[in-house]
Amino acid sequence: MSEVDMSLARPLLEGVSDTGAGGLKLSVQPLRGMVTLRADLSEASVAAAVKAAVGSDMPGVRKATDTALWMSPDELMLLMPYGEAADAVAVLTEKLSGVHHLAVDVSDARTLFRLEGSAAREVLAKGAPVDLARDKFAVGDLRRTRISHVAAAFWQSGDGPDVFEILCFRSYAKYLWEWLEESSREGSMPGVL
Amino acid sequence: MLLIDCPCCGVSGEETEFAPGGEAHIVRFGPGSSDAEFSSYLFDRKNPRGVHFERWRHAFGCGKWFHMARSTQTLEVFGVYKADVTTPPQDILDRVEAAKAEGRVK
Ligand SMILES: [Zn+2]
Chain H
573 MSEVDMSLAR PLLEGVSDTG AGGLKLSVQP LRGMVTLRAD LSEASVAAAV
623 KAAVGSDMPG VRKATDTALW MSPDELMLLM PYGEAADAVA VLTEKLSGVH
673 HLAVDVSDAR TLFRLEGSAA REVLAKGAPV DLARDKFAVG DLRRTRISHV
723 AAAFWQSGDG PDVFEILCFR SYAKYLWEWL EESSREGSMP GVL
Chain L
48 MLLIDCPCCG VSGEETEFAP GGEAHIVRFG PGSSDAEFSS YLFDRKNPRG
98 VHFERWRHAF GCGKWFHMAR STQTLEVFGV YKADVTTPPQ DILDRVEAAK
148 AEGRVK
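Protein chains in written order, with our numbering: chain H, 573 to 765; chain L, 48 to 153.
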């Protein structure tokens, strides 16, 4: 693998947008290390490897922990500080030696947004076919789905009330940023969630 | 609007989270088959008004393929089942028969 020039690593978008409705704030999160892990998630050895690599218990179906996101029945996205992904891959590779798996550093493939504010779930509900009622989608719940026309995953963070983290492919980031801004405009909330 | 429960990841979603993959259980005819068989394999599709067995993919979700039996007329979903079978499971066929008996589908 080629050397990564860390001085070039930067989020695709900079900035914070206070778009008004319900005190909504949209921001691009600093770069995070990201590792895709594909394996049989029911195996104890896989859970132990995840624990060793990022300190997280195995997330349940459609759940997120601080450092591990459930992506599909055989796929996790692991989060760590930017630049530590290679170390995490090394730990996974060592712990899963002899176990069928795939662990890849994908830190630069995606952009992470944060949308916070009391209307955040209404904004997401405009673009994602997901039941975002408060009793149906709470802290730790995650969906891998679409927002508007693009593939995305989002989950409710425990960092505060109504804080959502949104992950999308870097090449869609500008589109999604503009969509989220547009959908956050004052006076555009249905006011049902 | 189709409401679909993905049999692979368990998510309940609506159809825009999924991608249709066309008619299911098509028998493949390859080298050595007659022109009519090969043509049928490539081009002939049922397109019924009623019960249809289809392939679907949870495209924006877990990414997995699966099968679904539904009514093209009412969008009733009779059931979803694994991708790696060549015929629908009996419980789904039973549900289709029950819907026919009740007149919900032809
Ligand atoms: Zn699925």
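We put the CB at the ideal spot given by N, CA and C, even for glycine. No experiment lies behind these values; they were computed from the predicted model shown.
8 Å contact criterion, which residue i and residue j should meet: CB distance rounded
i: Glu-70(L); j: Arg-92(L); result: 5 Å
i: Leu-684(H); j: Leu-739(H); result: 6 Å
i: Leu-650(H); j: Leu-609(H); result: 6 Å
i: Ala-660(H); j: Val-626(H); result: 6 Å
i: Pro-67(L); j: Glu-101(L); result: 6 Å
i: Ala-116(L); j: Val-98(L); result: 7 Å
i: Glu-753(H); j: Leu-584(H); result: Not a contact, Cβ separation roughly 15 Å.
beta-carbon residue i near ligand 1 non-hydrogen atom, thresh 7 Å
i: Gly-108(L); result: yes
i: Val-702(H); result: no
i: His-721(H); result: no
i: Val-127(L); result: no
i: Cys-55(L); result: yes
i: Val-58(L); result: yes
i: Lys-111(L); result: yes
i: His-114(L); result: no
i: His-672(H); result: no
Element boundaries [alpha helix (DSSP H), containing residue i]
i: Arg-142(L); result: 137-148
i: Phe-736(H); result: Looking at the DSSP string, Phe-736(H) is not in any alpha helix (DSSP H); the run it does join, the beta strand (DSSP E), is 735-741.
i: Arg-827(H); result: Because residue 827(H) is not part of the residues shown, which for chain H are 573 to 765, the question remains open.
i: Tyr-88(L); result: 82-90
i: Glu-754(H); result: 745-755
Extent of the continuous beta strand (DSSP E) run through residue i
i: Leu-651(H); result: 647-653
i: Glu-70(L); result: 66-70
i: Glu-101(L); result: 98-104
i: Glu-688(H); result: 682-688
For residue i, the residue or residues it bridges with in DSSP
i: Gly-60(L); result: Ile-51(L)
i: Glu-725(H); result: The amino acid at residue 725(H) is misidentified as Glu; the sequence shows Ala. Arg-716(H), Leu-739(H), per the DSSP bridge assignment.
Contacting positions in the stretch 51-66 of chain L - beta carbon closer than 9 Å to chain H: Residues of the stretch 51-66 of chain L whose Cβ lies closer than 9 Å to any Cβ of chain H, in chain order: Cys-55, Cys-56, Gly-57, Val-58, Ser-59, Gly-60, Glu-61, Glu-62, Thr-63, Glu-64.
Against chain L, which members of the stretch 668-701 of chain H pass a CB distance test of less than 7 Å? Of all residues in the stretch 668-701 of chain H, the ones placed with a Cβ closer than 7 Å to any Cβ belonging to chain L are Pro-701, in chain order.
In the stretch 104-132 of chain L, which residues sit with their C-beta less than 9 Å from some C-beta in chain H, listed in chain order? Going along the stretch 104-132 of chain L in chain order, one finds His-105, Ala-106, Phe-107, Gly-108, Cys-109, Gly-110, Lys-111 with a Cβ nearer than 9 Å to chain H.
Would you list, in chain order, the members of the stretch 650-670 of chain H that have their beta-carbon closer than 9 Å to a beta-carbon of chain L? Residues: none.
Closer than 7 Å between beta carbons: that is the criterion. Which residues of the stretch 718-734 of chain H meet it against chain L? Near chain L, meaning a CB-to-CB distance below 7 Å, the residues of the stretch 718-734 of chain H are Arg-718, Ala-723.
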